[in-house]
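Have a look at the structure below, then the notes.
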C-alpha cells in the first residue's frame with residue numbers, strides 16, 4: 005500500500021510540474037520567468053510560420069497578463085520576447101524580416117529616431133550569423149538598462165537603451181500589421 009501511495013504522489017508531482025510549463029512543437033516554455041529582478045508571466049505563445057514552414061516558437065512574457073496589444077506594449081516594467089528556432093534562418097533573412105515588420109508597424113518619424121538602435125540590433129544579428137534550429141533568442145527589456153539580446157541565455161553585447169525601442173520591437177508581433185496575425189492572437193492569449 006505504501007508503494008502505491010508513493011507512486012500516486014510521484015505521479016501527482018510530475019503532473020503538477022507539467023502544469024507549470026507550456027509546450028508547442030516540442031519546445032517547453034516556462035509559465036513564469038524573472039527578468040531584471042521582476043517576475044514575468046507567460047502572456048501567450050505561438051508558432052511563427054512562413055508559407056508552409058515552421059520558423060520559430062514565440063513567447064511573450066509580461067509583468068501581468070493582458071489580451072490587449074496596446075496594453076502589452078505600453079505596460080511598464082520588464083518584458084521578454086522569446087523565440088526558439090525550429091529551422092535554420094540566415095542573418096540576412098532574419099534581419100530583413102524584422103526590418104520589414106518595423107517599417108510596416110512603426111510610423112516613419114519614430115522609425116527615423118530609432119535608426120541608431122535598430123542599426124545596432126541589426127549589427128548584432130549579423131554578428132550572431134545564422135539562427136540555427138534549436139537556438140533560443142531572447143529580447144529582454146529592463147527599464148534601468150534597455151533591451152538585451154540573449155542567445156541561448158548568454159548576453160550578446162550591451163543593452164540597447166530606450167523603452168521606445170523595445171515598444172517598437174513589440175510592434176513586430178503585436179502591431180496593426182504584425183508579422184503573422186495568428187501569432188499575434190496567440191501571444192495575446194487568444
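Residue numbers (our numbering): 5 to 194. Each residue gets a CB set at the ideal place from its N, CA and C atoms; glycine is no exception. Keep in mind that this is a model prediction, so the values were computed, not measured.
(message) Could you compute how far the alpha carbon of residue 38 sits from the alpha carbon of residue 121?
(response) 24 Å
(request) Identify, in the order they occur along the chain, each residue of the same chain with its Cβ nearer than 7 Å to the Cβ of residue 71, setting aside the five sequence neighbours on each side. (result) 192, 193, 194
(request) Following the continuous alpha helix (DSSP H) through residue 132, name the residue where it begins and the one where it ends. (result) 119-132
(message) Buried or exposed, going by whether 16 or more other CB atoms sit within 10 Å of the CB of residue 98?
(response) buried
(request) State the start and end residues of the unbroken alpha helix (DSSP H) segment that holds residue 77. (result) 73-78
(request) Whole angstroms is fine: what's the gap from residue 189's alpha carbon to residue 162's? (result) 31 Å
(request) Count the C-beta pairs between the stretch 148-167 and the stretch 98-107 that are closer than 8 Å, then say yes if the count reaches three, no if not. (result) no
(message) Using only CA atoms, which one of 147, 132, 146 lies nearest to residue 140?
(response) 132
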